[in-house]
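Participant:
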Amino acid sequence: MTATATATVAVVGAGPVGLLLAGDLRSHGVPTVVLEQRTEPMTESRASTLHTRTMELLEERGVLARLGPLPDGGPGHFGGLRLDLTAAEPAHRHAGQWKCPQTRLEAVLQERARELGAVVRRGRRLTALHDRGGDVLVETQDTEGRRERLSCAYVVGCDGGDSTVRRLASFDFAGSDARREMLRADVDGLDIPDRRFERHARGLATAHRWPDGTTRVMVHVFGTAPAPRAGPPGYEEVVAAWAEVTGEHIGHGRPLWLNAFDDTRRQATRYRAGRVLLAGDAAHVQMPVGGQALNLGLQDAAELAARLTAGDLDGYDRARRPVGARTLTDIQAQSYLLLGGPEVEPLRRLFAELMGGGQVRRRLARRISGLASPPPPAHTAETPKNRSAPMGRLTNKTALVTGSSRGIGRAIARRLAEEGALVAVHYATGEDAARQSVESIEGDGGKAFAVRAELGVPGDVHELFLGLERGLKERTGEAALDIVVNNAGVTTPAGVRPEEVTPEEFDRLFAVNAKAPFFVVQRALPLLREGGRVINISSGLTRFASPDQVAYAMTKGAIEQLSLHFARHLAPRGITVNSVAPGITDNGSALFDIPEAVEQMAQLSAFKRVGEALDVADVVTFLASDEARWITGAFIDASGGTLLG
Numbered sequence: 015m016t017a018t019a020t021a022t023v024a025v026v027g028a029g030p031v032g033l034l035l036a037g038d039l040r041s042h043g044v045p046t047v048v049l050e051q052r053t054e055p056m057t058e059s060r061a062s063t064l065h066t067r068t069m070e071l072l073e074e075r076g077v078l079a080r081l082g083p084l085p086d087g088g089p090g091h092f093g094g095l096r097l098d099l100t101a102a103e104p105a106h107r108h109a110g111q112w113k114c115p116q117t118r119l120e121a122v123l124q125e126r127a128r129e130l131g132a133v134v135r136r137g138r139r140l141t142a143l144h145d146r147g148g149d150v151l152v153e154t155q156d157t158e159g160r161r162e163r164l165s166c167a168y169v170v171g172c173d174g175g176d177s178t179v180r181r182l183a184s185f186d187f188a189g190s191d192a193r194r195e196m197l198r199a200d201v202d203g204l205d206i207p208d209r210r211f212e213r214h215a216r217g218l219a220t221a222h223r224w225p226d227g228t229t230r231v232m233v234h235v236f237g238t239a240p241a242p243r244a245g246p247p248g249y250e251e252v253v254a255a256w257a258e259v260t261g262e263h264i265g266h267g268r269p270l271w272l273n274a275f276d277d278t279r280r281q282a283t284r285y286r287a288g289r290v291l292l293a294g295d296a297a298h299v300q301m302p303v304g305g306q307a308l309n310l311g312l313q314d315a316a317e318l319a320a321r322l323t324a325g326d327l328d329g330y331d332r333a334r335r336p337v338g339a340r341t342l343t344d345i346q347a348q349s350y351l352l353l354g355g356p357e358v359e360p361l362r363r364l365f366a367e368l369m370g371g372g373q374v375r376r377r378l379a380r381r382i383s384g385l386a387s388p389p390p391p392a393h394t395a396e397t398p399k400n401r402s403a404p405m406g407r408l409t410n411k412t413a414l415v416t417g418s419s420r421g422i423g424r425a426i427a428r429r430l431a432e433e434g435a436l437v438a439v440h441y442a443t444g445e446d447a448a449r450q451s452v453e454s455i456e457g458d459g460g461k462a463f464a465v466r467a468e469l470g471v472p473g474d475v476h477e478l479f480l481g482l483e484r485g486l487k488e489r490t491g492e493a494a495l496d497i498v499v500n501n502a503g504v505t506t507p508a509g510v511r512p513e514e515v516t517p518e519e520f521d522r523l524f525a526v527n528a529k530a531p532f533f534v535v536q537r538a539l540p541l542l543r544e545g546g547r548v549i550n551i552s553s554g555l556t557r558f559a560s561p562d563q564v565a566y567a568m569t570k571g572a573i574e575q576l577s578l579h580f581a582r583h584l585a586p587r588g589i590t591v592n593s594v595a596p597g598i599t600d601n602g603s604a605l606f607d608i609p610e611a612v613e614q615m616a617q618l619s620a621f622k623r624v625g626e627a628l629d630v631a632d633v634v635t636f637l638a639s640d641e642a643r644w645i646t647g648a649f650i651d652a653s654g655g656t657l658l659g
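Quick note on this note's numbering: the sequence shown kicks off at 15 and runs consecutively.
1. Are the CB atoms of N273 and R194 nearer to each other than 8 Å?
2. Nearest-angstrom Cα distance between L34 and D149?
3. Decide if F275 is buried, meaning its Cβ has at least 16 other Cβ atoms within 10 Å, or exposed.
4. Find out if the Cβ-Cβ distance for the pair L64, Q111 is shorter than 8 Å.
5. According to DSSP, simplified to helix, strand and coil, what is Y285?
6. Taking all protein chains shown into account, decide if P302 is buried (16 or more other Cβ within 10 angstroms of its Cβ) or exposed.
7. Name the DSSP bridge partner or partners of V133?
8. What span of residues does the beta strand (DSSP E) with H222 cover, start to end?
9. Taking the alpha-carbon positions, what's the E54 to D156 distance?
10. Measure how close the beta-carbons of S577 and N601 come, nearest whole angstrom, since I'm counting them as under 8 Å.
11. Nearest-angstrom Cα distance between S619 and G655?
12. Taking the straight line between their C-alpha atoms, what separation do you get for A572 and A652?
13. Between the Cα of T100 and the Cα atoms of V122, G76, T66 and E120, which residue gives the shortest distance?
14. Closest to R161 by CA distance: which of V612, Y168 and V152 is it?
15. Looking only at its own chain, which residues have a Cβ that is under 6 Å from the Cβ of F338, when we skip the five neighbours before and after it?
16. If contact is defined by three or more beta carbon pairs under 8 Å, each pair taking one atom from either stretch, is the segment 534–542 in contact with the segment 553–560?
17. Would you check if the distance between the CB atom of S418 and the CB atom of H393 is smaller than 8 Å?
18. Count the other CB atoms, across all protein chains shown, that sit within 10 Å of the CB of V471; report buried if there are 16 or more and exposed otherwise.
19. Beta-carbon within less than 8 Å of R128's beta-carbon, same chain only, minus the 5 sequence neighbours each way: which residues are those?
20. To the nearest angstrom, how far is the alpha carbon of H91 from that of G371?
21. Assign P398 to buried or exposed, taking buried as 16 or more other Cβ atoms, counted over all protein chains shown, within 10 Å of its Cβ.
22. Is Q124 buried or exposed, if buried means 16 or more other CB atoms sit within 10 Å of its CB?
23. Could you check if R243 is buried or exposed, using at least 16 other CB atoms within 10 Å of its CB as the buried criterion?
24. Helix, strand or coil, according to DSSP, for G545 in the structure here?
25. What does the Cβ neighbour count give for M196, buried or exposed, with the cut at 16 atoms within 10 Å?
26. For the pair the segment 203–211 and the segment 281–294, tell me if three or more CB-CB distances fall below 8 Å.
27. Excluding the 5 residues flanking N6 on each side, which residues of the same chain have their C-beta closer than 7 Å to its C-beta?
28. Express the C-alpha separation of S639 and G406 in angstroms, rounding to a whole number.
29. According to DSSP, what are the bridge partners of N592?
30. What are the start and end residues of each continuous beta strand (DSSP E) run of 3 or more residues lying completely inside the segment 219–265, in chain order?
31. Over the uninterrupted alpha helix (DSSP H) stretch that includes M615, give me the two end residues.
32. Quick check: the Cα distance between G43 and D328, rounded to an integer number of angstroms?
33. If the criterion is Cβ atoms closer than 8 Å, does the pair P83 and L308 meet it?
34. Please go through the same chain and pick out, in chain order, the residues whose beta-carbon is closer than 8 Å to the beta-carbon of L361, but skip the five residues on each side of it.
35. Determine the contact status of I589 and L542, defining contact as a CB-CB distance below 8 Å.
36. Report yes if the C-beta distance between A448 and T412 is below 8 Å; otherwise report no.
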């Protein structure tokens, strides 16, 4: 497991709801990362209808301009009964409903979110989350089984009806299970008439031919209960149901997408639990009739972004949960009218008569269009963040962090970049991990580049500085350094008994942990500006006896001596030199995946928890800042009180 990274908000789910939310948060300057299990955007358009309120929201954000002209979606419906949605507000510029494939909407929302500085990380499956009161710790796993932790102020589940966030945070999800089901497929090679909620003796059928020649068919056989499913239905099931209802045979078509949806009706009893929130289908599951699920979710996202940035999270629940409850009730009524058999015909005739009256028609149209509820707070004009110039305590500074492709080093690199520094991410062998570190920093609006060199071998520091100076000159025009963090190190986590330490192991430890840092500082001297910072990572083991780590502790004792003597040597230039000694810190090793071991280690800290990489990174960032200008030659205990005894 890699060490803990940071973000203010983690949005789980890169569908339209999550991406709209991420873009809105970034437009207010909130650092945001989107975690998505799928490695690529989906290729099927599950929803394609946008309603009036949603069109307003998209227009405010410049999304409509990006989408281009959208075709009129024609009349809407209520339970399959025709309902002209322009009745909601006939003079509105977006009256009615509009067609936009979900794939297109999702692509534009992702583009916007990224331009505004959101990080979208695909192929990351959420495995755990822990609301710790002051923050939320999120654990994810990629497609190759590599795990990562993310510390954030808030987590928002936008991960659909089977929401992992909702399950892990133990939200109550009240409602009723499905009683009816509709099969749906996008099929190529069909030549059948279009039809809209056509009722037959045996069931209901809909067909619509898209401009690209694909036909979407939907079919329900009256009286059939939902089938147990581990995935989408087979095309043969759709073919059989279509033939039973319409008498037509569509088996010669080529299915491009298959899906089944039902009339499950559930809603979270609260949309917020501490620092964890829900939006979209994660907060409410309903039959996706008339595009209401998509529109309801997008409006959730807009409200939540405004409330979160205003510090009124409870207001989000108060504003949106009643709207969700009313919409679910409306959709449940529609499911009876739409999927009921002959027994609902009297009710359908009554509804059709009532909808002939202007007042009922307008009321239903306003509810579907989203105009019956107050709009979210107006969205201010947005400008893409200038990623090349983040403002912070270290703006216009340059930094080298050795061993920063993972663990504590990665957390340090991210924090320095968050404060505005251009960071050289050094690595020895983990090229993919270093690339991910750089991408993560750049995605958050920071600046970084990777530089490779194996430490502890002949020519190591020379190779490191060739790459470092080249990278600095390419980006700043000069090879000047402000901050050096000697973090790279090797150890044997389980330790080695003093009687068993070999000369080769001893030499390797000193070559990487003591010799390399000395010559890194030496080589950096002509590059370091006046008022620079040198921060060397030591260890609490220099103050805490652990015989199996004696050789490692000796190397860290050397680091502290390096800091002490260089502090005196460099003080005339205003350069501070300090050492930071972490205690037991989750650095991503497998040991920290064992709950019993973590609990035992936590007892050594005065705070009764294991340290996170961010804890150490924050200390280093402080020492790198101007606020620490009067501290030099110091040993900083960053062990969480472990050394108190």
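Built from N, CA and C at the ideal position, the CB exists for glycine as well.
Facilitator: Here's the rundown:
1. Not in contact: N273 and R194 (Cβ atoms no closer than 8 Å).
2. About 23 Å.
3. By the Cβ-count criterion, F275 is buried, with 16 or more other Cβ atoms from all chains shown falling within 10 Å of its own Cβ.
4. Cβ distance < 8 Å, so L64 and Q111 count as in contact.
5. Coil.
6. Classification for P302: buried.
7. In DSSP, V133 forms a bridge with V47.
8. For H222, the uninterrupted beta strand (DSSP E) run begins and ends at G217 to R223, by DSSP.
9. Spanning the two alpha carbons is a distance of roughly 13 Å.
10. The Cβ separation is near 21 Å, so there is no contact.
11. If I take the Cα positions, the gap works out to 5 Å.
12. Distance between A572 and A652, taken at the CA atoms: about 18 Å.
13. Looking at the Cα atoms, T66 is the closest of the given residues.
14. Cα-wise, what sits closest to R161 is V152.
15. In the sequence on display, residue 338 carries Gly and not Phe. Cβ within range, chain order: Q281 and H298.
16. These segments do not touch.
17. Between S418 and H393, the C-beta spacing is not below 8 Å.
18. The residue is exposed, with fewer than 16 neighbouring Cβ atoms inside 10 Å.
19. Cβ within range, chain order: V134 and G457.
20. One C-alpha to the other measures close to 15 Å.
21. Residue placement at P398 is flagged as unreliable, the pLDDT there being 47, under the threshold of 50; the coordinate-derived value follows with that caveat. P398 comes out exposed.
22. By the neighbour-count rule (16 or more Cβ atoms within 10 Å), Q124 is buried.
23. By the neighbour-count criterion, in which 16 or more other beta carbons inside 10 Å mark a residue as buried, R243 falls on the exposed side.
24. DSSP places G545 in strand when its eight states are reduced to three.
25. Buried, by the Cβ-count rule.
26. Fewer than three beta-carbon pairs drawn from the segment 203–211 and the segment 281–294 are found closer than 8 Å, and the two stretches are therefore not classed as touching.
27. Any answer about residue 6 is impossible in this case: the structure gives the chain only from 15 up to 659.
28. Pairing G406 with S639, the inter-Cα distance amounts to about 10 Å.
29. In DSSP, N592 forms a bridge with I549.
30. Taking only runs of at least 3 residues, the beta strand (DSSP E) segments lying wholly in the segment 219–265 are 229–235.
31. First-last of the alpha helix (DSSP H) with M615: P609 to A616.
32. Between the alpha carbons of G43 and D328 lies a distance of about 21 Å.
33. Going by C-beta atoms, P83 is not nearer than 8 Å to L308.
34. Y350, L351 and G354.
35. Annotated as proximal: I589 and L542, with beta-carbon spacing under 8 Å.
36. Taking 8 Å as the Cβ cut-off, A448 and T412 do not qualify as a contacting pair.
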